[in-house]
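2 protein chains.
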Amino acid sequence: MALSAGFFYFLSFVAAAIAFLFALYLYLWVKKQKVENRKIIEVSKLISEGASAFISREYRILAIFAAVLALIIFILLPEPIWKGNIGDNISMAIAYIAGTVLSAIAGKIGIMVATLSNGRTAESAETGLKNAFLIGFRGGAVMGLLVVGCSLAGVALVLMVFGDASIILGFSFGASSLALFAKAGGGIFTKTADVAADLTGKVELGIPEDDPRNPAVIADNVGDNVGDVAGMGADLFDSNVAATASALVIASGLADPENAIKMVFCYMILGLVSSMIGIANARVGKNGSPTRALNASTYTTTAVFLVLTAAATALIDGFSWRVWGASSVGLLVGVIIGITTDYFTDDTKPIVQRVAKASASGPAFTVLSGTAYGFVSALPAMVGIAISALAAYKLCAPIGDGYALFGISMAAVGMLSIVGMIISNDAYGPIVDNARGLAEMGGLGEETIRIADELDSAGNTVKAVTKGFSIGAAGLTVISLLGAFMSEANAVLAERGMELITGFDIMDPTVFFGVLIGSAIPALFSAMLILGVDRNAERMVSEIHRQFNSIPGLREGNASPDYSLCIDIAASGALKELIPAGLAAIIATCLVGFIGGPEAIGGFLLGNIVSGLLLALFMSNAGGLWDNSKKYVEAGNEGGKGSNAHKAAVIGDTVGDPYKDTAGPSINTQITVVSLVSSLLVSLFVSFSIF
Amino acid sequence: MALSAGFFYFLSFVAAAIAFLFALYLYLWVKKQKVENRKIIEVSKLISEGASAFISREYRILAIFAAVLALIIFILLPEPIWKGNIGDNISMAIAYIAGTVLSAIAGKIGIMVATLSNGRTAESAETGLKNAFLIGFRGGAVMGLLVVGCSLAGVALVLMVFGDASIILGFSFGASSLALFAKAGGGIFTKTADVAADLTGKVELGIPEDDPRNPAVIADNVGDNVGDVAGMGADLFDSNVAATASALVIASGLADPENAIKMVFCYMILGLVSSMIGIANARVGKNGSPTRALNASTYTTTAVFLVLTAAATALIDGFSWRVWGASSVGLLVGVIIGITTDYFTDDTKPIVQRVAKASASGPAFTVLSGTAYGFVSALPAMVGIAISALAAYKLCAPIGDGYALFGISMAAVGMLSIVGMIISNDAYGPIVDNARGLAEMGGLGEETIRIADELDSAGNTVKAVTKGFSIGAAGLTVISLLGAFMSEANAVLAERGMELITGFDIMDPTVFFGVLIGSAIPALFSAMLILGVDRNAERMVSEIHRQFNSIPGLREGNASPDYSLCIDIAASGALKELIPAGLAAIIATCLVGFIGGPEAIGGFLLGNIVSGLLLALFMSNAGGLWDNSKKYVEAGNEGGKGSNAHKAAVIGDTVGDPYKDTAGPSINTQITVVSLVSSLLVSLFVSFSIF
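Going down the list, the protein sequences come from chains Z and L. Okay, so the first sequence: first residue is 11 according to the working numbering, each after it adds one. Okay, so the second sequence: first residue is 11 according to the working numbering, each after it adds one.
Have a look at this one:
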């Protein structure tokens, strides 16, 4: 069957439209679920307002930031305005803005639906698992569908309108800069609140996790939504767009660009279709396990995608089985990374239990053993990414010149094909986490809280898996971004009649120079985020102390705290702490580029990717491990709640919080931002570098 | 002036002989200092016996290990015995054994003198700083002189006897395998004892640091010696030999090998001379500061070396100013790395104070802020290494083909030129640390303890600096080892008429595959060591509990504990935990080599170097930072001893102990071992790799 590229653009819009309609249906379904408990309505409203307030504030700052960047892009990219064609610069700036706006819309709606779902999930838990699970899951799936729909439609639109794959890099950069704010800013927000709430509530005052007397409790719940729903959604929107963008940039440099481009769109469309099938089939029996239900939907999506892409390869002229192989390898490695992550973070497996046991000797051992296992846990994922990149390359190299790199980018596209399902699982987490808190605050009784707990625990387990998955996907994506960077650099060099880059030789000291500095950047970036959380949490702790000291009757539960002040601190601090970290990464890229030119940047990106992956995996897994070993102790092991092991495990969890929810997952975004900045600035680096 | 290569060999032996005589003089001087206090003599004897026992046990196991490796080397290297010239295989095996034996001798004598000096330093402190400082410093300097003398004489001898630079790789591998045992094994030993002693003594029982009732206290003192004297000495012997070996391997591939080889020897000889001048001039006035005295000697050595090498370059025919420049850049960057390390770990500077302040909010904040600053602290050193490698390369590239890489290796040689002085400073640390403990146990009175404290505190400050220095040196060395690896690979490829390797392109998926896996290895290795310390400390804690429960009167100080059982646990556990970690690194190298051949190994070494440097710097600096912020709190800040900040700071220190004294500094050795294994096995990788 011979299909035109235009047909695939058309199909992309149709698929995106269906996804939007499906999301609308889920939204309406969630909305009509009943919520009657006054306390729940009230608190849920506070959470929703807090989240909206943060998002609005974030978007306001982002709008200024994006406007400045759009102006810079307009002046300098793809070529300085005084040298190149002004039309290209306008296109690039528009694509950039489109990238930020689409991601922002998806995030805004996602948050809205998530904060709509939490109270309804809590009340529905009174009647059992089945419906409560569905509300939580479907509330999250709205975000999943929006993200994939927006990225598919956005990429197709940009390519159709401007007809130049490299403009998609601008779109992708827009998605990245939003992700940097949403993921890192949201990450600082959520952990500021979480750490401050735990420190004052659980540690100092000995009150339960979601006790309404704690002024930070609403900020904590808001944080779950802005960090995990909006943040994770923006992060995966970013990875997804970046993977597609680099696949399209590489595709358009191939001997047969049209077929390659068709394949990219076809795989993305089928990924969306598979995710919709998976989402539609997610349900749990009356006494079934929510974890199993979530995993089953993921596996369904994976299997459907493999079958559909195989069918497309068999039926459509010009599609290659080798490319199908590369994409399948990517997807399978993603699943394997998820499973190994699970091994290190699941409390029914030995590692979490060993860390819990070590906690009995004191907090230093909690920290040491968690750190050590966190480091070990990076190995399987690194090996998985290494093998999938090598396999994709070797599979596709025989097709022709440049296809090897295209194969790697298709492995990333394959891994990200099920991203709709992944985001749904991930956004489910904060909804049911909130629901648990609401059930407690609304006084819904022990049985309901138990059910909410079960839903929550499934969210935690699945979250670790989706995080491993998203890091793996980012890993493959940035490898293909490295290829895209070389394509862009060569396009510039060819235009000027200069010698082309054939690769980046690590024995070349300029490349090596870049590698060493690049590898230090993720460490610096994550350190700045962690210190940001620390500083911000300190501010919030003082505010909480102030409220307990100055509001009479608060300690006894006769007066209400001022939740909004804590939300304010979390929000303003998050944005203040985030900007220097983001700028540091971008400035370092520019310095290296202007010192060593494109060769140094090639090395810089490599160093950045490698140490970034290592640290991201370490931090995400160590954080998950500590969280679950605390839960394991709380379930009555190693002395249970109140024991020395418990105290130590709580300290481990506090250390792990900014690792797993702020620094670790933000490193992905940092890597993508740096890669895109490099690709965008390459013509400047060629013109103005010292060496 | 025209000098022959033979003259430089001759000079090397003369210089080494003078160093040995100087060491003998210092030994005799230390020995004739008086020690009369019975308790001090008794405890000092226990420490000395414990250290000897550990060293003997370690060397016995090492002898078996070395014999097996020597056999493997004999069969396989430089070519399998059935293919190549059996004479070469015998030479390689002999060189390997010589490397282990010389390092072992230096370590053994160094320990002996250090354990001789500690009691004498303590007693001398009764009469003031001046003489006590001299005893501590001169006791350490014996190790420094032996290490440099042995490496210079050893390298010269191997090259003279076998006339083939690549045989020196065997010698270097011998030094590395000993360093792996001494540094990592000694590191596990010392932290096992330290952690267990602190946990039971300070935390559980509330008795002071060096209280003789604690069964682990002697093991702790022994640990300082085996970790910092023997371990650090073996580590720097290893780096020094590796730097020289790679410089010589690269030199012998140059157009004018003779002059290059002469330069290497000349620089090493002048480094030894400069260190001797620095050592001879180290002294502190009656009320002077020991820290300043140690730093002054280091700067003296640096200046003398720069002047002497400049004079040599001006006077000797065929010496190049460009090479002098490369070596000077290396040395200056080493000093700069030392100064930045000091900024992050000195308690008069803001970072340590900030971590102390964060400790007031609880241990999680101690850990988080220390981790974050540890990550940040890696940046300046990475940038320094990157710039010095780039500068050395650019300086020497104009001399001719291959000189660029020679320049990098000479930067490493330059950085390591003052290693005699560095080791003296480093070995001073455990001597005065022991002396402080002995002054307390011997009841020498408050004023003496105060003086011992002052000596000890200088040791801690200087230690952080020398550690940064040794990591920097290892960084430059392994870059040149990468060059040596390529030379070796090409020698094999040329012999077989295969295509030569011109570099390692990171866009080549085989190289990339190696990079990803290589970067995960230092994380795995350090995690295994940390877990080893954990497990071993748990064993020792149980033994301490057992003794307190079963020896009547121990708690009250009426009975003596059985120190030797604790020493046994530390020693046997250290060796048991170390071997899997070392094997894991070597096996990973072999797997990557047999899968991807020399290209994958090139990438593997790069990944290993980059993430190894990052983690080593992070761990060493974070550990130093925590140690000093605990000391800062103990000095009365943030609430002083017994406050919450103090409790948190102690936990930070316990986390940092295995970071800074076990895992961090052992990563250097792991990198060198892996690099040398690669160079040695390259012919097998060429013959038998899958891709």
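We put the CB at the ideal spot given by N, CA and C, even for glycine.
Chain Z has no Cβ within less than 7 Å of the Cβ of A504 of chain L. In the DSSP assignment, D515 of chain Z forms a beta bridge with L:D515. Residues are counted here when their Cβ sits less than 8 Å from a Cβ of chain Z; for the stretch 494 to 519 of chain L these are M496, T512, G513, F514, D515, I516, M517, D518, P519, given in chain order. Taking C-beta atoms as the reference points, L188 of chain L and A116 of chain L fail to come closer than 7 Å. Take the alpha-carbon of F495 of chain L and the one of T682 of chain L: they are about 12 Å apart. Per DSSP, D204 of chain L is one residue of the alpha helix (DSSP H) stretching across 196 to 207. Residues of the same chain with a CB within less than 6 Å of the CB of S369 of chain L, apart from the 5 flanking positions on each side, are T376, A655, A658, A659 in chain order. Taken residue by residue, none of the stretch 148 to 181 of chain L has a beta-carbon sitting less than 8 Å from a beta-carbon on chain Z. Along the stretch 652 to 673 of chain L, going in chain order, the ones with a CB nearer than 7 Å to a CB of chain Z are I661, T664, V665, P668. Collapsing the DSSP output to three states places K44 of chain L in coil. Between Q680 of chain L and A610 of chain L, the CB-CB gap reaches or exceeds 7 Å. Among the residues of chain L, none has a CB under 7 Å from the CB of G129 of chain Z; the nearest is roughly 31 Å distant. R446 of chain L places its beta carbon less than 7 Å from that of A462 of chain L.
Inter-residue distance for A206 of chain Z and G666 of chain Z is about 14 Å (C-alpha atoms, whole angstroms).
When rounded, the separation of the alpha-carbon atoms in L585 of chain Z and W92 of chain Z is 35 Å. Along the stretch 543 to 564 of chain L, the positions whose C-beta sits under 9 Å from a C-beta of chain Z are V543, D544, A547, E548, V551, read in chain order.
Within chain L, L526, I527, A530 have C-beta atoms less than 8 Å from the C-beta of V393 of chain Z, given in sequence order. Note on the stretch 364 to 422 of chain Z: whole alpha helix (DSSP H) runs with a minimum of 4 residues are 373 to 406, in chain order. Around the beta-carbon of V24 of chain L, fewer than 16 other beta-carbon atoms lie within 10 Å, marking it exposed. DSSP, read as helix, strand or coil, puts N250 of chain Z in helix.
Around P218 of chain L, no beta-carbon contact reaches into chain Z at under 7 Å, the shortest distance being about 19 Å.
With its beta carbon less than 7 Å from one in chain Z, L624 of chain L belongs to the interface.
For Y438 of chain L, the enclosing alpha helix (DSSP H) starts and ends at 429 to 451. Taking C-beta atoms as the reference points, A175 of chain L and L258 of chain L count as a pair closer than 7 Å. In the three-state DSSP reduction, T323 of chain L falls in the helix class (H, G or I). If only uninterrupted alpha helix (DSSP H) runs of at least 4 residues are considered, those enclosed by the stretch 106 to 183 of chain Z are 139 to 172.
At least 7 Å separates the CB of L31 of chain L from every CB of chain Z. For Y403 of chain L, a Cβ of chain Z is located within less than 7 Å of the residue's own Cβ. Ranking Z:S307, Z:M278, Z:S621, Z:G567 by CA distance to the CA of L162 of chain Z puts Z:M278 first. According to the DSSP assignment, F698 of chain L belongs to the alpha helix (DSSP H) that extends over 674 to 698. Proximity of chain Z to T200 of chain L at the Cβ level (cut-off 9 Å) is not reached, the minimal Cβ distance being about 15 Å. Shown here, V294 of chain L sits in coil according to DSSP, grouped into three states, outside any helix or strand. Contacts with chain L at 7 Å (Cβ-Cβ) do not include G184 of chain Z. Rounded to whole angstroms, A108 of chain Z and I100 of chain Z show a C-alpha spacing of 12 Å.
By the rule that beta-carbons nearer than 7 Å mark a contact, F329 of chain Z does not touch chain L.
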